[in-house]
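J.:
2 protein chains.
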Amino acid sequence: MFKKRDNIKEVEEGKYLEPKFDENGLIPVITSDFKTGDILMHGHMNGEALKKTIETKEAHYWSRSRKKIWHKGQISGFVQLVKEIRIDDDQDSVWLIVDIKDGASCHVGYRSCFYRFIPMGKILDTKKIQIEFKESKKIFNPKKIYKDEPNPTKL
Amino acid sequence: MFKKRDNIKEVEEGKYLEPKFDENGLIPVITSDFKTGDILMHGHMNGEALKKTIETKEAHYWSRSRKKIWHKGQISGFVQLVKEIRIDDDQDSVWLIVDIKDGASCHVGYRSCFYRFIPMGKILDTKKIQIEFKESKKIFNPKKIYKDEPNPTKL
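Protein chains in written order, with the working numbering: chain A, 3 to 157; chain B, 3 to 157.
1. In this structure, does DSSP put residue 49(B) in helix, strand or coil?
2. From 12(B), 108(B), 154(B), pick the residue whose C-alpha is nearest to that of residue 82(B); which is it?
3. Decide if residue 116(B) is buried, meaning its Cβ has at least 16 other Cβ atoms within 10 Å, or exposed.
4. Does the stretch 23-38 of chain B touch the stretch 94-102 of chain B, meaning 3 or more C-beta pairs lie closer than 8 Å?
5. Any C-beta of chain A sitting closer than 8 Å to the C-beta of residue 68(B)?
6. Only counting the same chain, and skipping five residues up and downstream in sequence, which positions put a Cβ closer than 8 Å to that of residue 44(A)?
7. Give the straight-line distance between the Cα atoms of residue 144(B) and residue 154(B), rounded to the nearest whole angstrom.
8. Checking the sheet assignment: what are the DSSP bridge partners for residue 18(A)?
9. Looking only at DSSP bridge pairs, what is residue 83(A) linked to?
10. Taking the beta carbon of residue 76(A) as the centre, do at least 16 other beta carbons fall within 10 Å, making it buried, or is it exposed?
11. Listing by chain order, which chain B residues have their CB less than 8 Å from the CB of residue 4(A)?
12. Hey, residue 110(B) and residue 15(A): beta-carbon distance below 8 Å or not?
13. Does the ligand MG have even one heavy atom less than 7 Å from the beta-carbon of residue 31(A)?
14. Find out if the Cβ-Cβ distance for the pair residue 7(A), residue 20(A) is shorter than 8 Å.
15. Using the C-alpha atoms, what's the distance from residue 147(B) back to residue 180(A)?
Structure representation (structure tokens):
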């Protein structure tokens, strides 16, 4: 769908979009909040989702759990308005800077999916590493919003 | 190596680190600059790299091009001092907030790997989408620093 990658110099410092999709046809996407700078989520796009995002200025992803194009906010109402789209040196990952107003981007109900941190230092037992909460307030109640939608988290 | 994932509620809202590695044993990692908030790079870790990062407070990744643990900055000197490690809701991606001082994190020489953006709007021809530079100044000359190291960018 996009320009063919046939020259490394062109991929790294050229002026054309030549994204690299993995063996499943996906490219990883980092989404950050333009107001706070926080990372909101880590997702994936296929070519169509990238094209739709560029054209509509609203974030579209590929849902790996539902196996279809996912217009973020379709169910929850928390659409991500895209302020900027960046692409990295070898064009195999995308960074979206988005405005979510006072909304949330995490299906668990928090503003960011990254609501916990891993304390650093000597590990005594890798099977017992405790993590701690960084965000404590849920923006919405996922049970009310998603109702019978299956949980995208898999074991 | 880490605690077994056997309960979705525990993965999402529990207190233990239960990271999910993909079919290649890797977890994606977003690295941001604690000073500017900019995303510096998108990488991967295996379990060992995650453990080393937690313990040493310096970013370690899995180099997919060299197929080995990669202590970032080993060659370039631009070590990433980790200020915080976050994990997302389903524990299948990691966010590192790092201090790189006045250094760089991109093998092409820029501070961030995301030095170009994709202008938004109607696409006339997906094969001719032009991207534009956001960073114009290289922090270092990669030819001088990396010498004969192979370029990690692949077509």
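Glycine is no exception: its CB is placed at the ideal position from the N, C-alpha and C atoms.
T.: Quick look at the numbers:
1. helix
2. If we check each option's Cα against that of residue 82(B), 108(B) comes out closest.
3. Residue 116(B) is buried by the Cβ-count criterion.
4. yes
5. no
6. 30, 31, 32, 33, 115
7. 12 Å
8. 132(B)
9. BP columns for residue 83(A) point to 60(A), 101(A).
10. exposed
11. 128, 129, 131
12. Yes, the Cβ-Cβ distance between residue 110(B) and residue 15(A) is below 8 Å.
13. The ligand MG is not part of this structure, which contains no ligands at all.
14. yes
15. The displayed coordinates of chain A run from 3 to 157. Any statement about residue 180(A) would go beyond what the structure contains.
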